[in-house]
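Asks: For the working numbering, add 845 to where a residue sits in the sequence shown, where the first one is 1. Positions of the beta carbon are idealized from the N, C-alpha and C atoms, including for glycine. Handing you this structure, nothing more for now.
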Amino acid sequence: MNRISNKSDKELAFLQDLFIAPDWGERFAELIDEHIKVPDEGKALYAAAGTGGHAMALQERAGKKLEMLCVDENAECLELAQAKATATREDIQFSQSRLDSLALPDNQFDLVIGNASLISTKRVRKMLAELVRVAGPGSTIALALPTSSSFGEFFSIYWEALHNTGLTDHEVAVEHLITELPTISEVEQMAEDEGLRDVTSWTRVEEFAYDSGEQFLNSPLVAEFLMPAWLALVREDMRADLSREISRLINEERHEAEFALSVKATLVVGQKAHSH
């Protein structure tokens, strides 16, 4: 989860449960549901489980013989998830851990699912390595994340807003934001580098529509989970002017239509060949 936000872990957990999971999270969850067969028994790990809704749905589908462990970096998310699991009598375990340094032994799980949809791109490779490490030989590992070409509409407006507010020395940083998102083939290569075989991927372009620049900038997804990382390259005292210009450009460009933020939601799946 993005730690640049000004919100507390508790506030971020509630926002994730109320706004992020039912919309943003749902798009990635649907990809996983479509392409991952959950085993009827054994052990499964869900890394970056958030407030647990999707993990619980998978557990319910699998039945009582599947042991599910949910891991997240935000303890407050896990507390909400635990409350839900208790209320619905789901037998799921919860554990707080860094996603790129899992506090778990090697070769444990029959299915490992990682949700890197809100994880910094810089951390994805190490997170995947950890998912592979804790998976048992022959088990399935799945990683969901946004890939190259995501957020293109915003980045072009961001670049223009920097230019218009005289922050031209930051334009290179926007280019870096664009190029740091991995291509699908780069993520597949990452999986193969970690020793996975039969690597396959699926991608869907998902759109998030906003009626105005103000609605875009104030939406919880953008304001608390995406924008803090995007704005990190700009000095804090310059961000208000920059945000106003971003909003103005969005309103100008949309011509009374909605402003759509598009995301290439990608799922990469492979099998662990041997002990790691």
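Comparing C-alpha positions only, which one of Pro-884, Leu-863, Ser-1088 sits nearest to Ile-1002?
Replies: When only C-alpha atoms are compared, the closest one is Ser-1088.
Asks: If Phe-996 sits next to Leu-1106, beta carbons under 8 Å apart, how far is it from one beta carbon to the other, in whole angstroms?
Replies: At roughly 6 Å, the Cβ-Cβ gap stays under 8 Å, so Phe-996 and Leu-1106 are in contact.
Asks: With DSSP run on the structure shown, which of helix, strand or coil describes Gly-1128?
Replies: Shown here, the chain extends from 846 to 1121; a query on residue 1128 therefore has no answer.
Asks: Quick one: what's got a C-beta closer than 7 Å to Ser-994's C-beta in the same chain, skipping five residues either side?
Replies: Contacts found: Lys-1109.
Asks: Who are the near neighbours of Gln-904 in its chain, counting only those whose CB is closer than 7 Å to its CB and skipping five residues on each side?
Replies: So the list reads Leu-911, Met-913, Glu-935, Ile-937, once near-sequence residues are dropped.
Asks: Note down the Cα distance separating Met-846 from Asn-1096, rounded to an integer number of angstroms.
Replies: A caution first: Met-846 carries a pLDDT of 41, below 50, which makes its placement in the model unreliable, though a value can still be read off. Near 29 Å, if we compare the C-alpha coordinates of Asn-1096 and Met-846.
Asks: What's the call for Ser-853, buried or exposed, on a 16-neighbour Cβ count within 10 Å?
Replies: Exposed.
Asks: According to DSSP, is Pro-991 helix, strand or coil?
Replies: Strand, per DSSP.
Asks: For Asp-862, count neighbouring C-beta atoms within 10 Å of its own C-beta (all shown protein chains included) and say buried if the count is 16 or more, exposed if not.
Replies: Flag for Asp-862 reads buried.
Asks: Under 7 Å from any heavy atom of the ligand SAH, does the C-beta of Gly-1115 make it?
Replies: The ligand SAH is not among the ligands present in this structure, which contains no ligands whatsoever.
Asks: If I follow the unbroken beta strand (DSSP E) through Ala-900, where does it start and stop?
Replies: No beta strand (DSSP E) holds Ala-900; the alpha helix (DSSP H) holding it covers 898-907.
Asks: Which residues in the same chain as Ser-940 place their Cβ atom closer than 6 Å to its Cβ, once the five residues preceding and following it in sequence are excluded?
Replies: Answer for Ser-940: Val-916, listed in chain order.
Asks: Take Gln-953 and list the residues in its own chain whose beta-carbon comes closer than 7 Å to its own, dropping the five residues that flank it on each side.
Replies: Counting only Cβ-Cβ distances below 7 Å, and skipping sequence neighbours, we find Lys-888, Val-979, Gly-981.
Asks: Given this structure, state the Cα-to-Cα distance separating Ile-958 from Leu-1041, to the nearest angstrom.
Replies: Taking the straight line joining both Cα atoms gives about 14 Å.
Asks: Once the 5 residues before and after Tyr-891 are set aside, which same chain residues still bring their CB inside 6 Å of it?
Replies: So the qualifying residues of the chain are Ala-900, Cys-915, Ile-958.
Asks: Roughly how many angstroms separate the alpha carbons of His-1021 and Ala-989, rounded to a whole number?
Replies: The alpha-carbon atoms of His-1021 and Ala-989 are separated by roughly 22 Å.
Asks: Count the other CB atoms within 10 Å of the CB of Pro-1027; is the residue buried (16 or more) or exposed (fewer)?
Replies: Label assigned to Pro-1027: buried.
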